[in-house]
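Same order as they appear, the protein sequences are chains A and B.
Using the working numbering, the final residue of the first sequence is 255, and nothing's skipped along the way.
Using the working numbering, the final residue of the second sequence is 629, and nothing's skipped along the way.
We put the CB at the ideal spot given by N, CA and C, even for glycine.
Since the model is a prediction, treat every value here as computed from it, not as a measurement.
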Amino acid sequence: MTPTQIETGELGRELAEARFSQLYRDQGRAILAYALRRVEDPEDAADVVAETFLVVWRRLGEVPIGSGARPWLYAVARGVIANLHRTERRKTRLGQRLAQSLRTELATHRAPSGETAEVLRAMSALNEDDRELLLLVSWEGLTPSEAARVIGSSSLATRSRLHRARRRLRALLEERQAASSQGGSNPEFDMEEAR
Amino acid sequence: MRTHELQPLLATADPVDWKRLRAVDLGATEADLLADLEGVPSGLREPAPRPWRSRPRRLTFALAVAALASAVVAFLFATGREGGHPSRAYGAELVRFAESTPLLLLDEPWRVQSVYEAGEGAYMPRSSRGEGSMEFVTGPAIPYESTTISADGTVRGMAPKAVRQRKVELRWHPGKLGFPGPIVHRPVEAPVLDATALVNTRAETAYIVTRTEKKRIESGGPGDRQMAAIWHEGGYTLELRAWVPNLAGFKERLDWLSRVDSETWLDAMPAKVVKSTEHDAAVREMLKGIPVPSGFRPSQIPDEGLTTNRYQVGASVAGIVSCLWFRQWGKARRAHDRAAEEEAERAMASSKRWPILHEMAKDGAYPETVWKLAAEMPSGYREYAGHRWRLLPQAEALGCARWGLPVLPRKQQLQRERRNQ
Chain A
61 MTPTQIETGE LGRELAEARF SQLYRDQGRA ILAYALRRVE DPEDAADVVA ETFLVVWRRL
121 GEVPIGSGAR PWLYAVARGV IANLHRTERR KTRLGQRLAQ SLRTELATHR APSGETAEVL
181 RAMSALNEDD RELLLLVSWE GLTPSEAARV IGSSSLATRS RLHRARRRLR ALLEERQAAS
241 SQGGSNPEFD MEEAR
Chain B
209 MRTHELQPLL ATADPVDWKR LRAVDLGATE ADLLADLEGV PSGLREPAPR PWRSRPRRLT
269 FALAVAALAS AVVAFLFATG REGGHPSRAY GAELVRFAES TPLLLLDEPW RVQSVYEAGE
329 GAYMPRSSRG EGSMEFVTGP AIPYESTTIS ADGTVRGMAP KAVRQRKVEL RWHPGKLGFP
389 GPIVHRPVEA PVLDATALVN TRAETAYIVT RTEKKRIESG GPGDRQMAAI WHEGGYTLEL
449 RAWVPNLAGF KERLDWLSRV DSETWLDAMP AKVVKSTEHD AAVREMLKGI PVPSGFRPSQ
509 IPDEGLTTNR YQVGASVAGI VSCLWFRQWG KARRAHDRAA EEEAERAMAS SKRWPILHEM
569 AKDGAYPETV WKLAAEMPSG YREYAGHRWR LLPQAEALGC ARWGLPVLPR KQQLQRERRN
629 Q
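Below, the structure written as structure tokens:
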């Protein structure tokens with residue numbers, strides 16, 4: 061079988077669909093979680109997933125094989141979220157179906173309170189890039205080198221940046237703890253503030 | 209609060225409820241997704257340019273060879289790397305090599321200066337297998353420190369305070385070794401990663417023990433102490449050792465330590481390595497000026513497939529030639545063959561002029577060991593710490609058995625037996 065047959069024929073489409081479906085099954089939920097953590101409206105998160113996988117389909121040949129696929133997908137999703145409000149929204153079937161499913165299953169985000177609210181508030185005081193890096197490692201479970209690929213940096217630079225971000229967050233939390241022990245705290249927290 | 213205590217806090221702040229998210233039936237949406245793509249050409253035909261640049265092939269090759277090595281694996285580099293390499297996927301062998309270490313690094317500004325790991329070679333003492341160490345430095349590379357303690361307790365050869373406080377050494381040993389409680393001075397506990405370490409706050413203290421006295425040697429002072437933390441983690445006994453101004457400075461170094469994945473660990477390796485393909489030419493060049501015993505062949509110098517610098521290749525060259533001379537010397541002494549004995553002594557006496565040993569002396573103590581052993585051949589004994597030791601067993605310290613050239617008859621016999629099994 062020649063590459064031309066694979067690339068252009070029916071078989072080519074089948075192979076592409078098989079690879080694509082596998083990516084969606086393996087990573088779709090993780091990308092959805094990533095989007096839900098970063099956008100206010102679950103319907104927007106559904107659109108992010110749909111748009112991300114449309115990009116995946118168009119650039120299927122570029123998706124690294126194996127463990128490299130995951131950070132590659134996150135990088136695409138990150139770009140999609142950055143452009144969420146700048147581009148005209150496509151009406152995709154996936155977006156609509158997923159949004160409907162999310163409306164049923166995820167009525168709202170958990171309302172943060174107490175220590176969680178303190179952590180989120182401290183995180184909102186970090187600069188955007190540091191916060192993204194911390195979240196990629198802490199919430200998305202990426203390794204520092206995978207996170208480096210998502211943000212387009214070297215793994216060593218990312219690691220030291222991560223170290224500084226953790227230190228900064230730790231200092232912020234300690235400051236807040238000291239302040240609250242002196243004069244009370246504000247338990248309410250706006251999720252949007254953390255995004 | 210410790211930096212590593214943040215992770216559980218951050219995890220609890222995750223707004224996504226995974227239990228509910230798992231209830232979303234993604235399988236049902238797959239058909240919609242594929243329907244969305246109807247008429248859209250797939251990008252499977254496109255070439256696959258990586259979003260990150262490739263790491264130099266040379267390092268990858270050299271490291272791959274290192275992973276296969278069964279003896280001693282060491283990276284020793286004259287200079288480290290700045291800025292770091294871009295990431296890329298490493299081969300399985302490399303990943304296995306990285307994963308045979310505890311996968312710990314000190315974050316920037318610290319960088320790896322050298323890595324040493326004892327392999328699983330047949331002649332590696334069982335107790336040393338799998339143990340290793342790494343050196344981290346800030347600023348320029350710090351050359352090997354050859355310190356000597358004279359009988360009056362004077363310490364010479366130490367790097368200046370400002371230099372030695374730029375270095376941190378991390379050692380690991382597979383398994384759980386007991387804490388050296390009785391010899392730990394002013395011990396304190398300190399948090400490190402997910403464990404608590406026992407810190408010897410006066411690790412610079414050493415003793416000289418002779419038949420008549422026990423002398424305490426203090427090479428540090430106020431604002432300049434060597435401290436050593438020992439802890440157990442991930443199936444290893446770990447030790448971090450550094451010269452620091454005070455305990456706070458030491459705790460800060462412990463806090464720089466972070467657990468990384470194998471790829472990040474491999475990315476942190478310094479880039480300056482000797483190409484394995486240059487091994488034979490390097491051996492030929494290093495043999496210049498060295499008298500070799502009859503029957504010696506350059507092919508006896510093994511290309512151990514290590515990521516070596518010249519120091520390591522040099523140790524093989526000078527070590528194997530020295531071992532062969534010591535074997536001849538031992539055999540001649542047992543057979544009372546004075547001519548052969550003197551020939552070996554003359555050859556080893558010339559080691560003071562071997563160019564490769566002079567080059568290596570800047571980076572390590574191997575040449576000094578060769579020279580000391582050579583100087584004591586005429587007497588047949590080595591004297592230190594008030595004792596006289598037979599010289600031949602001392603020569604094993606050159607690593608002769610590791611190269612299959614044990615100098616002791618008993619070891620030779622054992623080696624033959626093992627080969628015949």
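Helix, strand or coil: how does DSSP classify residue i here?
| i | result |
| --- | --- |
| E77 of chain A | helix |
| S220 of chain A | helix |
| I438 of chain B | strand |
| W451 of chain B | strand |
| G329 of chain B | Note that G329 of chain B has pLDDT 49, beneath the 50 cutoff, so the model's placement of it is unreliable and the number below is only indicative. Coil at G329 of chain B, not helix or strand. |
| A573 of chain B | coil |
| E553 of chain B | helix |
| V54 of chain A | Limits of chain A in this structure are 61 at one end and 255 at the other, which puts residue 54 of chain A out of reach. |
| L312 of chain B | strand |
| V248 of chain B | coil |
| L406 of chain B | strand |
| L267 of chain B | Caution is warranted here: a pLDDT of 29 is assigned to L267 of chain B, below 50, making its placement in the model unreliable, and no coordinate value can be reported. |
| T413 of chain B | strand |
| R157 of chain A | helix |
| T445 of chain B | strand |
| G121 of chain A | helix |
| D545 of chain B | coil |
| V323 of chain B | strand |
| G503 of chain B | coil |
| T356 of chain B | strand |
Should residue i be labelled buried (16 or more other beta-carbon atoms within 10 Å of its own) or exposed?
| i | result |
| --- | --- |
| V491 of chain B | buried |
| N408 of chain B | buried |
| Q87 of chain A | buried |
| E412 of chain B | buried |
| P257 of chain B | Bear in mind that a pLDDT of 37 at P257 of chain B, under 50, signals an unreliable position, so the number given afterwards is only what the model happens to contain. Looking at its Cβ environment, which holds fewer than 16 other Cβ atoms inside 10 Å, P257 of chain B is exposed. |
| K662 of chain B | Residue 662 of chain B lies beyond the range of chain B shown here (209 to 629); nothing can be said about it. |
| W597 of chain B | exposed |
| Q373 of chain B | buried |
Looking at C-alpha atoms only, which residue of the options is the closest neighbour of residue i?
| i | options | result |
| --- | --- | --- |
| R226 of chain A | B:S466, B:M477, B:A555, B:G503 | B:S466 |
| A523 of chain B | B:R535, B:P510, B:F534 | B:P510 |
| E551 of chain B | B:A450, B:V323, B:S530 | B:S530 |
| L599 of chain B | B:A582, B:P614, B:G429 | B:A582 |
| A192 of chain B | B:M494, B:G442, B:I425, B:M366 | Any property of residue 192 of chain B remains undetermined from this structure, which presents chain B solely from 209 to 629. |
| W318 of chain B | A:A238, A:R219, A:E74 | A:R219 |
| L97 of chain A | B:A405, B:D240, B:W226 | With the sequence shown as reference, residue 97 of chain A is identified as Arg, and Leu is not the correct amino acid for it. For the residues B:A405, B:D240, B:W226, the minimum Cα distance to R97 of chain A belongs to B:W226. |
| H223 of chain A | B:E426, B:Q215, B:E567 | B:Q215 |
| R181 of chain A | B:L378, B:A221, B:L242 | B:A221 |
| D240 of chain B | A:L75, A:I91, A:L114 | A:L114 |
| V123 of chain A | A:L83, A:L158, A:D104, A:Y94 | A:L83 |
| T577 of chain B | B:M556, B:Q321, B:H595, B:F305 | B:M556 |
Between which two residues does the beta strand (DSSP E) holding residue i run?
| i | result |
| --- | --- |
| K422 of chain B | 422-426 |
| R590 of chain B | 589-592 |
| K560 of chain B | Note, K560 of chain B: premise wrong, no beta strand (DSSP E); not H, not E. |
| P382 of chain B | 375-382 |
| W597 of chain B | 595-598 |
| M342 of chain B | 340-345 |
| P399 of chain B | 396-400 |
What residue does the alpha helix (DSSP H) around residue i start on, and which one ends it?
| i | result |
| --- | --- |
| E100 of chain A | Where E100 of chain A is concerned, there is no enclosing alpha helix (DSSP H), given that its DSSP letter is neither H nor E. |
| F638 of chain B | In this structure chain B extends from 209 to 629, so residue 638 of chain B is not present and cannot be described. |
| W226 of chain B | 226-230 |
| A142 of chain A | 129-142 |
| V210 of chain A | 204-211 |
| S466 of chain B | Here S466 of chain B belongs to no alpha helix (DSSP H); instead the beta strand (DSSP E) covers 465-467. |
| D475 of chain B | 470-475 |
| Q215 of chain B | 214-220 |
| T176 of chain A | 174-184 |
For residue i, verify whether its CB is less than 7 Å away from any heavy atom of the ligand FAD.
| i | result |
| --- | --- |
| W318 of chain B | This structure does not include the ligand FAD; it has no bound ligands of any sort. |
Cβ-based contacts, 8 Å cut-off: residues of the stretch 466-478 of chain B near chain A: S466, V468, D469, E471, T472, D475, A476
Against chain B: residues of the stretch 79-105 of chain A by CB proximity under 8 Å: R79, F80, S81, Y84, R85, G88, R89, L92, A93, L96, R97
To be precise: take each residue of the stretch 227-242 of chain B, compare its Cβ to all Cβ atoms of chain A, and keep it if any distance is under 7 Å. Which residues remain? R228, L229, A231, V232, D233, L234, T237, E238, D240, L241, L242
Give, in chain order, every residue of the stretch 129-141 of chain A whose Cβ lies closer than 8 Å to some Cβ of chain B. W132, A135
Proximal residues, the stretch 225-240 of chain A versus chain B, C-beta separation under 7 Å: R226, R227, L229, R230, L233, E234
Of all the residues that make up the stretch 491-514 of chain B, which are near chain A by a beta-carbon distance shorter than 8 Å? none
Using a Cβ cut-off of 7 Å, which residues of the stretch 212-227 of chain B contact any Cβ in chain A, in chain order? L214, Q215, L217, L218, A219, T220, A221, D222, P223, V224, D225
At a CB distance below 9 Å, what residues from the stretch 174-198 of chain A approach chain B? Give them in sequence order. E175, T176, A177, E178, V179, L180, M183, L194, L195, V197, S198
Using a Cβ-Cβ cut-off of less than 8 Å, give me the residues of the stretch 536-547 of chain B that come near chain A, in sequence order. none
Against chain A, which members of the stretch 392-410 of chain B pass a CB distance test of less than 9 Å? none
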